[in-house]
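Chains as they are written, first to last, in the numbering used here: chain A, 186 to 459; chain B, 5 to 488.
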C-alpha cells in the first residue's frame, strides 16, 4: 500500500479489502427450506369420501371433523385455507412435491412415513373398535368375535389386527369399501365391522352400535413437509389451543357424539417435530 | 465506506465532521478555521477517525461476544438444563403410575416389594413437583404453556386422590400376587386413565415446547454470533484501512519512513480482528456441538427413558387388568416401536425383528425410533459401544417380556408377576442412564470449552482497544508538535 500514489487507488484498494472481507466472512444463508408460515394461504389435503371426517358434498364443499380441525389450525396460523382431495396413497408424495402444504386426512403417524414427511399433532388418537348391530349382545370386545363374520375391506389392514395380530379365529367376508361393509352389516351378511372408531362413528345409525372396546392406538397427525420445524411447532401450538379453548370437545361432539362413542377430550401426546 | 477512507486522504472530498469529541487536542492552542484545510487539522481528523474505527471494532466485537456468551448461558446453564428437568417430569409421572400398578399387583405376599414401590412412588411425586416448577418457569411469557402447566398441576392433585382410594380399597381386600379386587381395580383404572390419557401427554408436550424454546434461543444466538463475526471482520478491515491511509499520509507529508507507533497500533488491530473472528468461530462451533451432540441427544434419550419406563408400567397393567390386557399389549407394542422401530405387525414379529436388528448392530443400524436417531449421530467416544450395550439389554428386556406373556397366557399368574418384576428392566434402564451420562458429559464439555474460549475477553478486548487508541495518539503527537 505504501507504493500507492493516487488516492483513487488507495480508495479502490480499501474497497477491495472490504469486499474481500465480505466475501470471506459472508454469513451463510439459512439453508432451511420454506415454511408454511411464510405463506398467506394454505392448500390442505383432506379425504373426499370419509363420512364425519372428510366428505366432499354436492356443491364441492368439504365437511367433516378433519376439515374443521384443518380450518381451525389455518385460522390460528393466520392463513386462509383451500381444501383439496388427497387420496391415501398420494399423501407423502403430495407433501414432498409441495402440491399440498398440510394433510389432515385420517393420516396415522408411523415411523416409515416419518422418514419422508413430518407430523404435527396427533390431533386425535383414534382406536380400532368394533361396530355391531344395535340388537347384538354377544360381542363385548374383540375376543368375542371368535367364529363370527368380520367384514374385510380390500386394501385395509384393520382386519389383520384382529385375525393376525390378535390371532382371533374370525370368518372374513370381503367387501370393496366400508360403506359396503355397513350395508352388509345391516343386511346381516356380516356380524361386525372393525376399524378406527372415528371412521365407524361416521357411519353410525340408530340400528348400529360401537362396542366401545378399543384395542389399538391410531394417532392422526397433521402431515407437513419434512424440515419445516417452525411450521410443525406452530401446528402443535394450534392443536394445544384447540383443546385448551374447548373447540376440540365441541368438534368431536358435533361430529361423533350421536354414535355413542367414548371420546377423549384431552390433548394427545405429540409426536415432536425435531 | 468510500467516504470514510477518503477522510484520511488529502483529497478535499465531502467529509462528515470528524467528531470533535473523538479528536483529541493535546495542544492548548485555539483551533483554526476551517480545520481540514491545514495539515494539523487533517492529522487530527485522521487520528480521530482511526480511534473511532478502533472503537467501532471493539464495540462490534463486544456485541458478538455478548451473543456468544448468552447462547452458551441459555443452552448450558438455564433453559437447557430446565428442559432436561421437564423431560424428567414425564419420567417421574409415568413411574408414579408404574409403582402404583406394582403395589396393586404385588398383593399381600409381596410385602417388601410393595413397601419399596410405595417409597419410590413418594420419591417420584417429589421429583414431579419440582419438575413442574421448572416447567412453569420455562413457560413464562407463553400463555398456552402456562395453561398446560396449570392443567398438569390440577390433574396431579386429582390423580393422587384416586390413587389413595385405590390403595385403600386394595388394603381392605388382601390378595395373592395378581389382579386386585374389582373396586380397587376400578379406582386404579380411573387413575391410570387420567395419568396416561391426560397428564402424561401434557407433560410430554411441555418437554417438546421447552425444547422449542431452546431451539429458538440457539438459532437466534448462533446466527447473531455468525453475523457478528462478519461485522467484526468488516470493522477490523475498516480500522486497518484507516490506519494504513493515515500511515501513507504521514509518510508522504513528512517524508519519513514508517511511523512505528502507528504500525504497532495496526498490528494490535490486525491481531485483535483475527483473534476475534477465530474466537467467535470457536464459540459458534462449541455452541453447535453443545446443542446438536449434547442437548438434542440428551433430550431424545430422556424421552426414550420416559417411554421405556411406561413400557414397564404397561407390563404390570397388562397383568393387573385382564379385561384391558389387549389394549395394554397393543400400547406396549406401539411404545416399543417408538423406542426402537423395526417393522412388525405384532409382538411376536417384533421380538424376532429386535433380535435381528440388535445382532446386526453396530455393523449396521437398520432401525428407526429414538435409538435409530441416536445410532445415526455417533459423535462421542464410547457412544457406539454403550449404545450396543443398551440395545443388548433392551433385547433381554423384550425376551423377558415375551416369557412373561407366555406365562400369563398359560395361566401361571404369579410366575408371570415375578417375571414382570424381574431385574431385566432395571439393568436396561441403568445402561440407558450410562449412555445419557456420556451425552451429558459431551454437552458439559462443549459448554465449558465455549466458555473457556470467551474467558478473559471482557478484559482483553477493552485493553487492546485502549492500547491501539493510545498508540495512534502517540504516533501522531510528534507530527502535530511540528506545527506548534
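The C-beta atom is built at its ideal place from N, Cα and C for all residues, glycine as well.
Closest by CA to residue i, which one among the options?
| i | options | result |
| --- | --- | --- |
| residue 319/B | 183/B, 70/B and 279/B | 183/B |
| residue 489/B | 367/B, 454/B, 323/B and 469/B | Because chain B in this structure spans residues 5 to 488, residue 489/B falls outside the shown range and cannot be described. |
| residue 359/A | 371/A, 458/A and 341/A | 341/A |
| residue 285/A | 380/A, 409/A and 388/A | 409/A |
| residue 233/A | 354/A, 320/A, 247/A and 276/A | 247/A |
| residue 156/B | 124/B, 199/B, 177/B and 187/B | 199/B |
| residue 272/B | 474/B, 164/B and 452/B | 474/B |
| residue 106/B | 369/B, 313/B, 134/B and 413/B | 313/B |
What is the rounded straight-line gap between the Cα of residue i and the Cα of residue j?
| i | j | result |
| --- | --- | --- |
| residue 241/B | residue 64/B | 13 Å |
| residue 359/B | residue 441/B | 26 Å |
| residue 426/A | residue 148/B | 7 Å |
| residue 258/B | residue 468/B | 28 Å |
| residue 333/B | residue 329/A | 17 Å |
| residue 362/A | residue 354/B | 30 Å |
| residue 281/A | residue 342/B | 23 Å |
| residue 260/A | residue 407/B | 51 Å |
| residue 142/B | residue 364/A | 49 Å |
| residue 61/B | residue 439/B | 44 Å |
| residue 394/B | residue 377/B | 14 Å |
| residue 429/A | residue 306/A | 14 Å |
| residue 285/B | residue 233/B | 7 Å |
| residue 104/B | residue 186/B | 15 Å |
| residue 348/B | residue 356/A | 23 Å |
| residue 281/B | residue 237/B | 7 Å |
| residue 435/A | residue 219/B | 33 Å |
| residue 136/B | residue 90/B | 7 Å |
| residue 164/B | residue 207/B | 16 Å |
| residue 499/B | residue 283/A | As displayed, chain B neither begins before 5 nor continues past 488, which places residue 499/B out of reach and without an answer. |
| residue 127/B | residue 310/B | 16 Å |
| residue 445/B | residue 288/B | 19 Å |
| residue 131/B | residue 98/B | 12 Å |
Mark residue i as exposed unless 16 or more other C-beta atoms lie within 10 angstroms of its C-beta, in which case mark it buried.
| i | result |
| --- | --- |
| residue 119/B | exposed |
| residue 209/B | buried |
| residue 81/B | exposed |
| residue 378/A | buried |
| residue 291/B | buried |
| residue 405/A | buried |
| residue 450/A | exposed |
| residue 363/B | exposed |
| residue 221/A | buried |
| residue 79/B | buried |
| residue 339/A | exposed |
| residue 390/A | exposed |
| residue 251/B | buried |
| residue 454/B | buried |
| residue 399/A | buried |
| residue 346/A | buried |
| residue 440/A | buried |
| residue 403/A | buried |
| residue 274/A | exposed |
| residue 432/B | buried |
Helix, strand or coil for residue i, going by three-state DSSP, please let me know.
| i | result |
| --- | --- |
| residue 327/B | helix |
| residue 353/A | coil |
| residue 185/B | coil |
| residue 238/A | coil |
| residue 213/A | Low local confidence applies: a pLDDT of 42 at residue 213/A is under 50, so the model's placement there is unreliable, and no value is given. |
| residue 407/A | strand |
| residue 487/B | coil |
| residue 308/A | strand |
| residue 294/A | coil |
| residue 318/A | strand |
| residue 369/B | coil |
| residue 247/A | strand |
| residue 380/A | strand |
Is residue j closer than 7 Å to residue i when the C-beta atoms are compared?
| i | j | result |
| --- | --- | --- |
| residue 303/A | residue 372/A | no |
| residue 476/B | residue 51/B | yes |
| residue 249/B | residue 450/B | no |
| residue 396/A | residue 324/A | yes |
| residue 411/B | residue 424/B | no |
| residue 55/B | residue 215/B | no |
Using a threshold of 6 Å, is the CB atom of residue i nearer than that to any non-hydrogen atom of the ligand MG?
| i | result |
| --- | --- |
| residue 165/B | Although the ligand MG was asked about, the structure shown includes no ligands whatsoever. |
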